[in-house]
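Here is the structure we will look at, set down as structure tokens.
Numbering (full-length UniProt numbering), first residue to last: 1 to 389.
Encoded structure:
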């Protein structure tokens, strides 16, 4: 993260004696990226974070097999039709993925077990409902429109308040704000579409008691359930620049031009081999002869995965796209507005419409996305032909 935080109790200097009320030492745990050469945080545990009493391999509940997008085609998936049988971790339904990122949908009203993803960061977008994110760093209350960014290796769980639906973006590395938004020292610059004040992180320790507590751990080798002697939510304080945080899509400040601006102006995060963009309500282009809608475009280096989360996406009218839909427009295919959409928006502007209402989360990948079983089970098979109608 771009700035330093202190939560709870920490000693004046790092790696000095810090004693519990009973005289024993708190146990340090350094969570750090890139082998001590990047962002880190130092956590102080009541118990040893290394004390495990059992380890067992775990078979995945659902299949994670991916299939190539063949025959090459634009796709439309209706996540509204998906029904989860698990929680917001174990019940994730794989939509698409490649070696850089995996994109899953989950809907659940039950708490997840404790979980640690040791393969990469996660960015979980809350489409509907409210949920409490609990971790060794503390808790974050999240709701509709929140991105929750979780650093690699963070032990956490999700506790929904009623039914919650999310899009889970699982990276093979780290997810960060785009470098062009930051100074060389990590501060958000004035031209950035959001800043430090928009980010919500844990503000106090989250302490829990328990013995022989299981934690599901994901590594490149698969799933393991480690049983910890003591509950891992025993951190009395931490400080540093690495921690989970939430950012709400409504706090994104769209860039507006006289004519239509391309997707990079909507970029919110970047990861290894992909970017995440937020499409938010904004003023329409204001050149007197502007065409205020995306032009036909062919992203020769990327696949475009678009999750429609709210509002009215005028460029897709007539295609069957609705809130909860996912479109996938692969490299090798030129896509753009549905027939008639351009004239319809121009006519709407002439009648006084001045803003868009669209809300969408887009993931652009720089390697082809393969298709997951959940996507294939809810596909609108006629979508590819809607431009020819």
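Idealized CB from N, CA, C, for every residue including glycine. Computed from a predicted model, the values in this text were never measured in an experiment.
Pairing residue 327 with residue 386 gives a Cβ-Cβ distance that is not under 8 Å. Under the three-state reduction of DSSP, residue 181 is assigned to helix. Excluding the 5 residues flanking it on each side, residue 82 has same chain C-beta neighbours closer than 8 Å at 93, 105, 107, 374, 377 and 378, in chain order. Between residue 70 and residue 372 the beta-carbon gap is near 14 Å, outside 8 Å, which marks them as no contact. According to the DSSP assignment, residue 163 belongs to the beta strand (DSSP E) that extends over 156–171.
Contiguous beta strand (DSSP E) elements confined to the segment 236–315 occur at 245–248, 267–271, 274–279 and 303–310, taking only those with 3 or more residues.
DSSP places residue 175 in the coil class of the three-state scheme, outside both helix and strand. Scanning its chain for C-beta atoms nearer than 6 Å, with the 5 sequence neighbours on each side dropped, one finds no residue around residue 35. The alpha-carbon separation between residue 323 and residue 59 amounts to approximately 33 Å. Shown here, residue 44 sits in a strand according to DSSP, grouped into three states. The shortest C-alpha to C-alpha distance from residue 292 to any of 29, 347 and 245 is the one to 347. About 11 Å separates the Cβ atoms of residue 232 and residue 217, ruling out a contact at the 8 Å cut-off. Shown here, residue 377 sits in a helix according to DSSP, grouped into three states. Residue state for residue 383 is assigned as helix, using DSSP reduced to three classes.
Here DSSP, grouped into helix, strand and coil, assigns residue 119 to coil. Proximity of the segment 191–198 to the segment 88–102 falls short of the contact definition, fewer than three beta-carbon pairs being nearer than 8 Å. In the three-state reduction of the DSSP assignment, residue 187 falls in the coil class. For residue 364, the uninterrupted beta strand (DSSP E) run begins and ends at 359–365, by DSSP. Within the same chain, 212, 227 and 229 come within 7 Å of residue 53 by CB-CB distance, once the 5 residues on both sides are set aside. Exposed is the label assigned to residue 21, since fewer than 16 other Cβ atoms lie within 10 Å of its Cβ. Residue burial annotation: residue 6 is exposed, with fewer than 16 other C-beta atoms found within 10 angstroms of its C-beta. Taking 8 Å as the cut-off, the Cβ atoms of residue 154 and residue 244 count as close. Here DSSP, grouped into helix, strand and coil, assigns residue 79 to helix.
Around the beta carbon of residue 183, fewer than 16 other beta carbons sit within 10 angstroms, so the residue counts as exposed. Judged by beta-carbon spacing, residue 247 lies within the 8 Å limit of residue 199, meaning their Cβ atoms are closer than that value.
Between the beta-carbon of residue 362 and that of residue 305 there is about 7 Å, and that keeps the pair under the 8 Å contact cut. DSSP places residue 197 within a helical segment (H, G or I) once states are collapsed to three. Between residue 253 and residue 18, the alpha-carbon positions lie close to 43 Å from each other.
Note on the segment 91–141: whole beta strand (DSSP E) runs with a minimum of 3 residues are 93–97, 101–108, 115–117 and 122–135, in chain order. Short of 7 Å from the beta carbon of residue 389, and not among the five residues preceding or following it, lie these beta carbons of its own chain, in chain order: 339. With fewer than 16 neighbouring CB atoms inside 10 Å of its own CB, residue 357 falls in the exposed class. Excluding residues up to 5 positions away in sequence, 129 and 131 lie with their Cβ nearer than 6 Å to the Cβ of residue 164 in the same chain.
Counting only residues of its own chain and dropping the five nearest sequence neighbours on each side, residue 341 has a CB closer than 8 Å to the CB of 293, 314, 315, 316, 317 and 318.
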